[in-house]
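**Q**
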Amino acid sequence: MLNLLFPKIYVSSITDIQVEWLKELGIKGVLFDLDNTIIRRDSYQFPPEVTSYIYKLRQHGLKVGIISNNRRKRVAAIAGLLEVPSIHRAVKPLAKSFRRAMKMLGTSAEETALVGDQIFTDILGGNLAGLHTILVVPMQGKDFWGSRLICRPLEKLVLARLSKYKEVVYVNRD
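Per our numbering, residue 1 is the first one in the sequence shown, and the count goes up by one each step.
(1) For Arg-173, which three-state DSSP category applies?
(2) Would Thr-37 pass as a contact of Gly-125 if the rule is Cβ separation under 8 angstroms?
(3) Is the distance from the Cβ of Gly-61 to the Cβ of Pro-85 below 8 angstroms?
(4) So what does DSSP say about Phe-46, is it helix, strand or coil?
(5) Are Ile-14 and Tyr-44 closer than 8 angstroms when you measure CB to CB?
(6) What's the gap between the Cα of Leu-25 and the Cα of Val-91?
(7) Return the residue from the list Ala-95, Lys-63, Gly-106 that minimises the CA-CA distance to Phe-32.
(8) Verify whether the separation of the beta carbon atoms of Thr-112 and Met-102 is less than 8 angstroms.
(9) Classify Leu-34 as buried or exposed, calling it buried when 16 or more other Cβ atoms lie within 10 Å of its own Cβ.
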């Protein structure tokens, strides 16, 4: 059961995810969580490296989408800026939302990677749906109050156990 909380890969930033890794895994589509994964929760402006990275994925033939628990207005606005499809109010970690997202991309679970910053929504949901899960260190900025008060402290406990598992790769850009 605890394995459902562990990502396959743990990185500092989405830009640390090598396209070659994705290709070696047979990945054809990448689903990104929105807030504090590709953009700060309190912003509508992307770091330039994020837009470049998403463009790079698409140049390499990978399909890209957004899956978020956030409201339609925010998700649609940001997805529109990136010109990618999206699912809002996904109710992660329910596997149903990830199946909808895979249908949106036209990929199977084996061909899809999920990239997110939260263990109890993104990683748990992605693992329940059978996706290749990639955990990123959250961007600096505001967290949803439930995440800040409940999830983040529990995530620290899970991350402490994570280092004991060799199948998880951690990449730090520092």
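Even for Gly, the Cβ is constructed at its ideal location relative to N, Cα and C.
**A** Concretely, from the data shown:
(1) The predicted position of Arg-173 is uncertain, since its pLDDT is 44 and thus under 50; a value taken from the coordinates is nonetheless stated next. Coil, per DSSP.
(2) no
(3) no
(4) coil
(5) Against a cut-off of 8 angstroms, the Cβ pair of Tyr-44 and Ile-14 comes out as no contact.
(6) 27 angstroms
(7) Lys-63
(8) Yes, they are a contact pair.
(9) buried
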